[in-house]
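Right, one structure below, let's go through it.
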Ligand SMILES: Cc1cc2nc3c(=O)[nH]c(=O)nc-3n(C[C@H](O)[C@H](O)[C@H](O)COP(=O)(O)OP(=O)(O)OC[C@H]3O[C@@H](n4cnc5c(N)ncnc54)[C@H](O)[C@@H]3O)c2cc1C
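Numbering (the numbering used here), first residue to last: 53 to 459.
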């Protein structure tokens, strides 16, 4: 358990995204008046990412609406934006920046999140990814120049790919989604539920091609040629890839924190004495209903909850910690898909409302007959009512008998 911060402490937060900002804001709101420095690789002040692939790309929300700063806390912090951290000295609690500056604190927080996984293709930098505001600005600028004859090709039918396809269709582009597996989300939601979702793209006017591996993407003048593993090619006016993410941990190599698919932390987010990690970059022991899992979860709500919890710990608030119930949503093809818990694709699935493939439904995932997750299509109220099933271990049969989703 970490000691409570004193006002002589200095907190250095590396990563000015959701988790880093929410922690800093919460520390101020909880009365911490010591020095607080936020270091961010991006030039922008903290902004919200989920709307990037949704409303901002669709053109229904202006980027000026994305700021996470609500009160005047930001004026009480020292900002180092547009310069990445390149090294950490755990013993001295010093962070070295790309511009050579060394920032010292008594506590360091790693909140550097993840970056989009890049495809090694000939088109190189002309490929698009959607992770940051500059990514979206660049994609929109290219699309404004693109010839409308060829479709936009989205590589990857997962959550980001589906949202990008939906938003670009809303903007009037013809979109083709290329998915390497038999069905989108097969490796995330498993065979049963991915089958129930498979018709969503065509219902929204998006062409989905499955079992389609991309061998290369080459640029040819203003256009692109996408070459598939079976030798066929496809012309595109722009190519966007949503093929996963990688934790931003390279700057911590040799620093003395454990790196293993993220920064490994204990139950109090400690990676080393005086060093914590939160948000997408943190691999933490999640106390789930089916046991303790060392996991890294790339969800907006989890980053928020980590920040709130660490602020509570560091400002000395005692008391029972609320259970962390991972929550994720995705707005794709005109539907809201929501996930509670951390279901695995190999978990058993029981449909409890709606029909397979229907417009709305809710399903329970279970492992060893204990509820491990809840997944819903267009059923936000039923999903919220099902939270109790994940607050403590719940036997599948008891969950079905209780049916909290129908209250
Ligand atoms: C397009 C998009 C759509 C999404 N949609 C959803 C959704 O619908 N639902 C959902 O639950 N989640 C969604 N997410 C995920 C959600 O946004 C993340 O879980 C959340 O942003 C994680 O917060 P974070 O602070 O850990 O990381 P981030 O918000 O990524 O912040 C990390 C920050 O650290 C900075 N950084 C990285 N390396 C360094 C360095 N060396 N030095 C200094 N700074 C550094 C980065 O530039 C970044 O600003 C989406 C994400 C994206 C990109």
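In this text, a Cβ means the ideal position worked out from N, Cα and C, and glycines have one as well.
Is residue 330 near residue 290, with beta carbons less than 8 Å apart? Position 278 of the chain shown, counted from the first residue, corresponds to residue 330. Position 238 of the chain shown, counted from the first residue, corresponds to residue 290. No.
query: In terms of DSSP beta bridges, what is residue 344 paired with?
result: Numbered from 1 along the chain shown, position 292 holds the residue referred to as residue 344. DSSP output for residue 344 lists 339 as bridge partner(s).
Exercise. Okay, do the stretch 73 to 91 and the stretch 335 to 346 touch, 3+ Cβ pairs below 8 Å being the bar?
Worked result: Flag = no, the stretch 73 to 91 and the stretch 335 to 346 do not touch.
Discussion item. Ligand 1 and residue 351: does any heavy atom of the ligand fall closer than 7 Å to the residue's C-beta?
Written reply: As a first step, residue 351 is located in the chain shown; it is residue number 299 there, counting from the start. The nearest non-hydrogen atom of ligand 1 is less than 7 Å from the C-beta of residue 351.
Under the assumption that residue 278 contacts residue 205 (Cβ atoms under 8 Å), give the Cβ distance between them as a whole number of angstroms.
Here residue 278 is taken as the residue at index 226 of the chain shown, counted from 1. Here residue 205 is taken as the residue at index 153 of the chain shown, counted from 1. The beta-carbon distance between residue 278 and residue 205, rounded to whole angstroms, is 5 Å. This is short enough to meet the 8 Å contact definition.
Give the C-beta separation of residue 138 and residue 149 to the nearest angstrom, bearing in mind that I take them to be a contact with Cβ-Cβ under 8 Å. Working through the chain shown from its first residue, we reach residue 138 at position 86. Working through the chain shown from its first residue, we reach residue 149 at position 97. About 7 Å separates the beta carbon of residue 138 from that of residue 149, a gap short enough to meet the 8 Å contact definition.
Buried or exposed: which applies to residue 77, given that a residue is buried once 16 or more other Cβ atoms fall within 10 Å of its Cβ? Position 25 of the chain shown holds residue 77. With 16 or more other Cβ atoms from the protein chains shown falling within 10 Å of its own Cβ, residue 77 counts as buried.
_What would DSSP say about residue 212, mapped onto helix, strand or coil?_
The residue you call residue 212 lines up with position 160 of the chain shown. Correct three-state label for residue 212: helix.
Query - CA-to-CA distance, residue 453 to residue 56, given in whole angstroms - result: Here residue 56 refers to the residue found at position 4 when the chain shown is read from its first residue. Here residue 453 refers to the residue found at position 401 when the chain shown is read from its first residue. Near 44 Å, if we compare the C-alpha coordinates of residue 453 and residue 56.
**Request:** Using only the heavy atoms of ligand 1, determine whether one of them is closer than 7 Å to the beta carbon of residue 399.
**Result:** Within the chain shown, the letter at position 347 stands for residue 399. Residue 399: no, Cβ never under 7 Å from ligand 1.
* Asked: Is DSSP giving residue 172 helix, strand or coil here?
  -> Here residue 172 refers to the residue found at position 120 when the chain shown is read from its first residue. Coil.
Checklist entry - Is it true that the stretch 230 to 238 meets the stretch 401 to 420, where meeting means three or more beta-carbon pairs spaced less than 8 Å apart? => result No: the two stretches stay apart, fewer than three of their Cβ pairs being nearer than 8 Å.
Quiz item: So what does DSSP say about residue 219, is it helix, strand or coil?
Solution: To locate residue 219, count along the chain shown from 1; it is residue 167. Of the three classes helix, strand and coil, the one that applies to residue 219 here is helix, per DSSP.
Determine, using beta carbons only, whether residue 75 and residue 100 come nearer to each other than 8 Å. Along the chain shown, read from residue 1 onward, the residue named residue 75 stands at position 23. Along the chain shown, read from residue 1 onward, the residue named residue 100 stands at position 48. If you check the CB distance, residue 75 and residue 100 do not come in under 8 Å.
Hey, is residue 70 close to ligand 1, as in C-beta under 7 Å from one of its heavy atoms? To locate residue 70, count along the chain shown from 1; it is residue 18. Yes, the Cβ of residue 70 comes within 7 Å of a heavy atom of ligand 1.
Is the beta carbon of residue 397 less than 8 Å from the beta carbon of residue 249?
Start at 1 with the first residue of the chain shown, and residue 397 comes out as number 345. Start at 1 with the first residue of the chain shown, and residue 249 comes out as number 197. Taking 8 Å as the Cβ cut-off, residue 397 and residue 249 do not qualify as a contacting pair.
- Query: Between the beta-carbon of residue 288 and the beta-carbon of residue 202, is there less than 8 Å?
  - Reply: Within the chain shown, residue 288 is the residue found at index 236, counting from 1. Within the chain shown, residue 202 is the residue found at index 150, counting from 1. Yes, the pair counts as a contact, with Cβ atoms nearer than the cut-off.
DSSP-derived helix/strand/coil call for residue 332: Locating residue 332 in the chain shown gives position 280, where the first residue counts as 1. Reduced to three states, the DSSP call for residue 332 is helix.
Would you say the beta carbon of residue 425 comes nearer than 7 Å to a heavy atom of ligand 1? On the chain shown, residue 425 is found 373 positions in, with the first residue counted as 1. No, ligand 1 has no heavy atom inside 7 Å of this Cβ.
**Item:** Neighbourhood of residue 365 by C-beta distance below 8 Å, restricted to the same chain and skipping five residues each side
**Value:** Within the chain shown, residue 365 is the residue found at index 313, counting from 1. For residue 365, where only same-chain residues beyond five positions count, the Cβ hits under 8 Å are 53, 54, 320, 321.
| said: Mapping the DSSP letters down to three states, classify residue 298 as helix, strand or coil. | reply: Along the chain shown, one-based indexing puts residue 298 at 246. Looking at residue 298 - three-state DSSP - the assignment turns out to be strand.
Exercise. Please confirm whether any heavy atom of ligand 1 lies closer than 7 Å to the CB of residue 325.
Key: Counted from its first residue, the chain shown places residue 325 at position 273. False, no ligand heavy atom lies under 7 Å from that Cβ.
With DSSP as the reference, label residue 268 as helix, strand or coil. Here residue 268 refers to the residue found at position 216 when the chain shown is read from its first residue. Strand, per DSSP.
query: Using the C-alpha atoms, what's the distance from residue 224 back to residue 324?
result: Walking along the chain shown from the start, residue 324 turns up at place 272. Walking along the chain shown from the start, residue 224 turns up at place 172. Between the alpha carbons of residue 324 and residue 224 lies a gap of roughly 50 Å.
Rounded to the nearest angstrom, what separates residue 72 and residue 431 at their Cα positions?
On the chain shown, position 20 is the one that residue 72 refers to. On the chain shown, position 379 is the one that residue 431 refers to. Taking the Cα positions, residue 72 is about 31 Å away from residue 431.
**Prompt:** Which residues in the same chain as residue 377 place their Cβ atom closer than 7 Å to its Cβ, once the five residues preceding and following it in sequence are excluded?
**Reply:** Here residue 377 refers to the residue found at position 325 when the chain shown is read from its first residue. Closer than 7 Å at Cβ, skipping near neighbours: 392, 393, 439, 442, 443.
| message | As an exercise, report each continuous beta strand (DSSP E) stretch of at least 3 residues that is fully enclosed by the stretch 365 to 406, in chain order. | response | The qualifying runs are 379 to 384, 387 to 393, 400 to 405.
- prompt: To the nearest angstrom, how far is it from the Cα of residue 175 to the Cα of residue 273?
  reply: As a working note, residue 175 is residue 123 in the chain shown. As a working note, residue 273 is residue 221 in the chain shown. Between residue 175 and residue 273, the C-alpha separation is close to 11 Å.
**Q.** Three-way DSSP call (helix, strand, coil) for residue 75 in this model
**A.** Your numbering for residue 75 matches position 23 in the chain shown. DSSP, reduced to helix, strand and coil, places residue 75 within a helical segment of the structure shown.
DSSP state of residue 289 mapped onto helix, strand, coil:
Taking the chain shown and counting its residues from 1, one reaches residue 289 at position 237. Coil at residue 289, not helix or strand.
**Prompt:** For residue 297 and chain B, any beta-carbon pair shorter than 8 Å?
**Reply:** No chain B is present in this structure, which holds just one protein chain.
Problem - Every unbroken beta strand (DSSP E) within the stretch 230 to 266, with a cutoff of 3 residues, ordered by chain - result: Taking only runs of at least 3 residues, the beta strand (DSSP E) segments lying wholly in the stretch 230 to 266 are 259 to 261.
Subject >> Endpoints, alpha helix (DSSP H) assigned at residue 436 >> reply: Counted from its first residue, the chain shown places residue 436 at position 384. Start and end: 432 to 437.
Legend entry - residue 102 CB to nearest heavy atom of ligand 1 below 7 Å: Here residue 102 refers to the residue found at position 50 of the chain shown. Answer for residue 102: yes, Cβ within range of ligand 1.
Please find out if some non-hydrogen atom of ligand 1 comes closer than 7 Å to the beta-carbon of residue 305. In the chain shown, the residue the question calls residue 305 occupies position 253. No, ligand 1 has no heavy atom inside 7 Å of this Cβ.
**Prompt:** How about residue 327 and residue 162: do their beta carbons lie closer than 8 Å?
**Reply:** Counted from its first residue, the chain shown places residue 327 at position 275. Counted from its first residue, the chain shown places residue 162 at position 110. In terms of Cβ geometry, residue 327 and residue 162 form a close pair [threshold 8 Å].
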